[in-house]
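In the numbering used here, the protein residues as written are 383 to 487.
What follows is the structure, encoded as structure tokens:
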């Protein structure tokens, strides 16, 4: 069987274990391939171990985010600033008359 080249973001199926995984990192200087399985487990293989694996290209499963409990909000860019509507509210600048836990007796 022909060896498949590791491609970051590519999905593969291990024919010996029937496990689906995604290549999340490929370092050609150290010849290591980092993978992540559907259950979230992360593994690292050297190039020799990769060559010995019986692999085939696979499509990304429809529910691949389910194991990580991600929803559509998690896909938002985390670097974008949040602007809740009440930040500019004049009520935010009013200090309370009483402190919590202290009474005016």
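Glycine is no exception: its CB is placed at the ideal position from the N, C-alpha and C atoms. None of these values were measured; they are calculated from a predicted model.
Report task. Tell me whether the beta-carbon of residue 442 lies closer than 8 Å to the beta-carbon of residue 393. Result -> yes
Query raised in the report: Of the residues 397, 404 and 389, which one's Cα is nearest the Cα of residue 438?
Result: 397
Query raised in the report: By DSSP, does residue 441 sit in helix, in strand, or in coil?
Result: coil
Requested in this report: Count the other C-beta atoms from every protein chain shown that fall within 10 angstroms of the C-beta of residue 417, then say buried if there are 16 or more, exposed otherwise.
Outcome: buried
Query raised in the report: Buried or exposed: where does residue 444 fall if 16 or more other Cβ atoms within 10 Å of its Cβ makes it buried?
Result: exposed
Requested in this report: Could you check what DSSP says for residue 421 in three-state terms: helix, strand or coil?
Outcome: coil
Query raised in the report: Looking at C-alpha atoms only, which residue of 402, 429 and 390 is the closest neighbour of residue 412?
Result: 429
Requested in this report: Could you tell me which residues DSSP pairs with residue 414 in its beta bridges?
Outcome: 409 and 428
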